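Residues -19 to 28 in the working numbering are what the sequence shown spells out, letter by letter.
Backbone N, C-alpha and C define an ideal beta-carbon position, used for all residues, glycine too.
All of these numbers come straight from a predicted model, not from anything done at the bench.
See below for the structure under consideration.
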Amino acid sequence: MGLINMRERAERLGGQWTLASRPGEGTTIKVILPLLEKRYESDPDPVS
């Protein structure tokens, strides 16, 4: 999975994506996704 794909997936899910990289220290990728699911009026049978 490429970095662009990871960022796009996080954004589509309503989340945030950050990348930090420092020479000699490595790279950190942080993805924050919302816990609550959005409910849509067209969803007749919500899953719990």
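Check, Outcome
"First and last residue of the uninterrupted beta strand (DSSP E) at L(-1)", "-4 to 2"
"Below-8 Å beta-carbon distance, M(-14) vs any chain B residue", "The structure shown contains no chain B; it holds only a single protein chain."
"Option in M(-14), I(-16), A(-10) with minimal Cα separation from L13", "A(-10)"
"Where the alpha helix (DSSP H) containing L15 begins and where it ends", "No alpha helix (DSSP H) contains L15, which DSSP labels as neither H nor E."
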